[in-house]
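Student: Handing you a structure now.
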Amino acid sequence: MDISAFFVDVLKYTLSGLFVFFAAYFLLKNHFDTYYDLKELEYKKMVVKDILPLKLQAYERMILFVERINPTNLMVRLHQSGMTAKEMQGLVINEVKAEYQHNISQQLYISQNAWNIIKRVKDDTIGLINHSANILPAETSAVELSKLVFIKMEELEENPYDLALLVMKNDIQEI
0 MDISAFFVDV LKYTLSGLFV FFAAYFLLKN HFDTYYDLKE LEYKKMVVKD ILPLKLQAYE
60 RMILFVERIN PTNLMVRLHQ SGMTAKEMQG LVINEVKAEY QHNISQQLYI SQNAWNIIKR
120 VKDDTIGLIN HSANILPAET SAVELSKLVF IKMEELEENP YDLALLVMKN DIQEI
């Protein structure tokens with residue numbers, strides 16, 4: 000009879016101890032979860048406060064990059080009187096590559112879609128200039144190359160530079 004009373008007492012104390020343990024666990028778990036959620040929210044606010052200006056600056060720089068490599072702006076900016084088409088081709092290609100290398104680190108802060116479009120616009124610009132220069136005779140003037148590039152730009156259904164700008168502006172709106 001003592002053994003059964005002993006087991007009943009052990010069972011009472013065990014059940015009451017488990018009840019107190021689980022009650023304390025769930026009360027404290029809720030408290031700690033709330034605390035960690037608040038800390039995580041503070042961290043995210045800090046990250047947004049620090050990262051948002053960098054993201055906006057990156058989009059600003061990439062918009063400027065697209066504007067600078069647009070053949071309409073590029074050919075006018077780099078043209079020097081007396082240049083041949085081949086000289087202009089080399090100068091333009093070097094300028095596009097230099098601009099790209101100068102801005103390559105901005106891919107950390109812009110969307111993957113925007114970066115892919117930037118690379119495509121850069122590659123298409125180089126391709127357009129090379130294709131146009133290869134059509135013309137070697138001693139053709141840079142003015143003739145510019146005219147041919149402008150004609151090819153007008154033949155496009157949609158301006159890829161405007162599309163790239165639109166994608167980046169839409170990305171900025173989503174931030």
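Position 112 of the sequence shown, counting from 1, maps to 111 under numbering that gives the first Met the number 0, and the rest follow consecutively. Backbone N, C-alpha and C fix where the C-beta goes; we use that ideal spot for every residue, glycine too.
1. Report yes or no: do the stretch 102 to 112 and the stretch 156 to 163 share at least 3 C-beta pairs separated by less than 8 Å?
2. Does K121 pass the burial test, meaning 16 or more other C-beta atoms within 10 Å, or should it be called exposed?
3. Going by DSSP, which residues form a beta bridge with S140?
4. Could you name the residues of the same chain whose beta carbon sits closer than 7 Å to that of L53, not counting the 5 residues immediately before and after it, in chain order?
5. Helix, strand or coil: how does DSSP classify N29 here?
6. Does DSSP classify N69 as helix, strand or coil?
7. Got a sec, what are the start and stop residues for the alpha helix (DSSP H) L107 sits in?
8. Output the boundary residues of the alpha helix (DSSP H) element that contains N169.
9. Tell me the DSSP secondary structure of H130 in three-state form.
10. Any idea if S3 is buried or exposed, counting beta-carbon neighbours within 10 angstroms, 16 or more meaning buried?
11. From the DSSP output, in three-state form, read off L10 for me.
12. Nearest-angstrom Cα distance between H78 and L40?
Tutor: Quick answer:
1. no
2. In the sequence shown, the residue the question calls residue 121 occupies position 122. So K121 ends up on the buried side.
3. In the sequence shown, the residue the question calls residue 140 occupies position 141. Looking at the DSSP assignment, S140 forms a beta bridge with T83.
4. Looking up residue 53 in the sequence shown gives position 54. Hits under 7 Å: Y108.
5. Your numbering for residue 29 matches position 30 in the sequence shown. Of the three classes helix, strand and coil, the one that applies to N29 here is helix, per DSSP.
6. In the sequence shown, counting from the first residue as 1, residue 69 sits at position 70. Three-state result, N69: coil.
7. Taking the first residue of the sequence shown as 1, we reach residue 107 at position 108. Careful: L107 lies outside any alpha helix (DSSP H) and carries neither H nor E.
8. Taking the sequence shown and counting its residues from 1, one reaches residue 169 at position 170. Its alpha helix (DSSP H) spans residues 159 to 173.
9. By one-based count along the sequence shown, residue 130 stands at place 131. Reduced to three states, the DSSP call for H130 is helix.
10. In the sequence shown, counting from the first residue as 1, residue 3 sits at position 4. With fewer than 16 other Cβ atoms within 10 Å, it is exposed.
11. Position 11 of the sequence shown, counted from the start, is the residue given in the question as residue 10. L10: helix per DSSP, three-state reduction.
12. Within the sequence shown, numbered from 1, the residue matching residue 78 stands at position 79. Within the sequence shown, numbered from 1, the residue matching residue 40 stands at position 41. Their backbone Cα atoms lie some 53 Å apart in a straight line.
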